[in-house]
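All residue numbers for the sequence shown refer to the working numbering, where the first residue is 96 and numbers rise by one.
C-beta: ideal position from N, C-alpha, C; glycine also.
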Amino acid sequence: MSIRAELLSGLSASPATIAPKYFYDALGSRLFAAITELPEYYLTRTEAEIFAEHQNAMAAALGLAATLVDLGAGNCEKAARLFSVLHVRRYVAVDISLHYLRESLENLQQKHPAIEMLGVGLDFSRSLHLPAEVGTEPRTLFYPGSSIGNFTPDEALAFLRQANAECCGGSLLIGVDLVKPVNVLEAAYDDPLGITAAFNRNLLRHLNRLAGTDFDIADWRHVAFFNGGESRIEMHLQALRDTTVSWAAGERRFAAAERIHTENSYKWRSEDFAALLETAGFSRPRHWCDARGWFAVFAAQA
96 MSIRAELLSG LSASPATIAP KYFYDALGSR LFAAITELPE YYLTRTEAEI FAEHQNAMAA
156 ALGLAATLVD LGAGNCEKAA RLFSVLHVRR YVAVDISLHY LRESLENLQQ KHPAIEMLGV
216 GLDFSRSLHL PAEVGTEPRT LFYPGSSIGN FTPDEALAFL RQANAECCGG SLLIGVDLVK
276 PVNVLEAAYD DPLGITAAFN RNLLRHLNRL AGTDFDIADW RHVAFFNGGE SRIEMHLQAL
336 RDTTVSWAAG ERRFAAAERI HTENSYKWRS EDFAALLETA GFSRPRHWCD ARGWFAVFAA
396 QA
């Protein structure tokens, strides 16, 4: 299915949905970088603290695999901090945007000329199958940032089973956001400065470019809340008034207060995620947390 067809299919569904991978156009990526600087957004800095404190223990748990595969690499900065401790000789950066990835890799290669680097453009949210040029030697798959939370539990299990196969007998290092007080969770996804709201609403501009729709962002507001029954943060765009969105050969009417579901971010209990890893075929999962128990980094053997 083409990107346009996927987007219009989601837009025509009831309720309408847009996958969170489409947040990240050039402006969306910059807005997300700003979000990570907000005091309310604990995830990025808490994960960084865990890596800084426990990276040697993580390296020991992972074992030696000269190839590091970075899923959703972005600017590659998180993986680069692990090059030395993991003794990386080959770095494979995987991201949906190969153009952005090439620029990041060019900069990184200058800083680490001895490491072989490869960029792979891949939407692994659909299917995680790395190309043949990655090779077949054991590798460590690195998936930081709690993006596993964008998958439903069933989708996460399917993804982790694919990840297990792609480790080629190596290991997995993955960041997982944990259940915590609702006020902390909701503030992280609905900050008082409105940066997350701008990030969510910018998705409509990206959709206009990709699918030829005519969204007016002034017609929409950001909504985020914790769904306790599903253990997930939900983000939506809610129509402020009755509106019609058109595209070539189609349209969709939205009533006032009708929503487009743009993201789920599931929050896990550490024991439940360890069990999920084992169900996916991984062995000896262990994890490290911050002092508050808000975030965890898991390592497991394929």
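Which of helix, strand or coil DSSP assigns to residue i
i, result
"Asp314", "helix"
"Ile145", "helix"
"His194", "helix"
"His207", "coil"
"Asp385", "coil"
"Val215", "strand"
"Ile328", "strand"
"Arg125", "helix"
"Arg256", "helix"
"Phe178", "coil"
"Glu63", "Summary: the structure shown does not reach residue 63, with the chain confined to residues 96 through 397, and so no result is reported for it."
"Val274", "coil"
"Asn297", "helix"
"Asp120", "coil"
"Tyr99", "It is worth fixing the name first, because residue 99 is Arg in this sequence and not Tyr. Residue state, collapsed to three classes: helix."
"Asn170", "coil"
"Ala287", "Per the sequence shown, residue 287 should be read as Pro rather than Ala. If DSSP states are grouped into helix, strand and coil, Pro287 belongs with coil."
"Pro380", "strand"
"Phe246", "coil"
In DSSP terms, what residue i is bridged to
i, result
"Gln333", "Arg316 and Arg354"
"Ser199", "In DSSP, Ser199 forms no bridge with anything."
"Ala395", "Leu267"
"Leu163", "Tyr186 and Thr235"
"Phe349", "Thr338"
"Ala111", "Ile355"
"Tyr361", "Arg327"
"Phe321", "Ile328"
"Phe368", "Note: Phe368 sits in no beta bridge, so no partner."
Nearest-angstrom Cβ-Cβ length linking residue i and residue j, presumed shorter than 8 Å
i, j, result
"Arg234", "Gly265", "5 Å"
"Glu353", "Met330", "Incorrect: roughly 15 Å between the Cβ atoms, too far for contact."
"Gly270", "Ser360", "Wrong, their Cβ atoms sit about 12 Å apart, outside the cutoff."
"Glu261", "Leu299", "Glu261 to Leu299, Cβ: 34 Å. No contact."
"Leu102", "Leu302", "6 Å"
"Leu332", "Arg296", "7 Å"
"Phe377", "Ala395", "4 Å"
"Ala128", "His356", "That belief does not hold up - the Cβ atoms of Ala128 and His356 are roughly 24 Å apart, past 8 Å."
"Leu166", "Phe219", "6 Å"
"Val189", "Leu157", "With 8 Å as the limit, Val189 and Leu157 do not qualify as a contact, their Cβ atoms being about 18 Å apart."
"Val448", "Phe294", "The requested residue 448 does not occur in the structure, where the chain is confined to residues 96 to 397."
"Ser326", "Val279", "Actually they are not in contact, since the Cβ atoms of Ser326 and Val279 sit about 14 Å apart, beyond 8 Å."
"Tyr137", "Ser192", "Not quite, the Cβ-Cβ distance comes to about 26 Å (not below 8 Å), so this is no contact."
Nearest candidate by alpha-carbon position, reference residue i, set the options
i, options, result
"Glu132", "Thr291, Ala175 and Arg336", "Thr291"
"Gly169", "Glu148, Thr247, Gly158 and Leu196", "Leu196"
"Pro208", "Glu144, Arg185 and Leu299", "Arg185"
"Trp342", "Met96, Ser107 and Ser97", "Ser107"
"Leu126", "Tyr284, Asn303, Ser378 and Pro248", "Tyr284"
"Thr374", "Ala397, Phe390 and His356", "Ala397"
"Glu232", "Ser241, Pro276 and Val164", "Val164"
"Gly324", "Trp363, Asp218, His317 and Asp311", "Trp363"
"Leu268", "Ala227, Tyr137, Arg304 and Gln150", "Gln150"
"Phe320", "Val277, Pro380 and Gly105", "Val277"
"Arg211", "Asp218, Leu200 and Phe219", "Residue identity check: residue 211 is Glu in the sequence provided, not Arg. For the residues Asp218, Leu200 and Phe219, the minimum Cα distance to Glu211 belongs to Leu200."
"Arg176", "Lys116, Leu223, Pro239 and Glu135", "Pro239"
"Val229", "Ala344, Ala161 and Trp389", "Ala161"
"Thr45", "Tyr119, Ile113 and Lys173", "For the chain, the structure presents residues 96 to 397; residue 45 sits outside this window and is missing."
"Cys263", "Asp272, Glu250, Ser242 and Leu236", "Leu236"
"Pro134", "Asp286, Ile98 and Gly105", "Asp286"
"Phe246", "Ala282, His194, Arg381 and Ile328", "Ile328"
"Ser97", "Ser365, Val318, Arg221 and Val279", "Arg221"
"Gly105", "Asp337, Thr308 and Val318", "Thr308"
"Pro380", "Cys171, Ser124 and Met153", "Met153"
"Arg393", "Ala155, Arg316 and Lys116", "Checking the displayed sequence, the identity of residue 393 turns out to be Phe instead of Arg. Phe393 has its Cα closest to that of Ala155, out of Ala155, Arg316 and Lys116."
Exercise. Contact between the segment 246–254 and the segment 179–186: three or more CB pairs below 8 Å?
Worked result: no
Does the count of Cβ pairs from the segment 144–158 and the segment 367–386 closer than 8 Å reach three?
yes
**Message:** Below 8 Å, how does it come out for the segment 345–352 and the segment 360–371: are there three or more Cβ pairs, yes or no?
**Reply:** no
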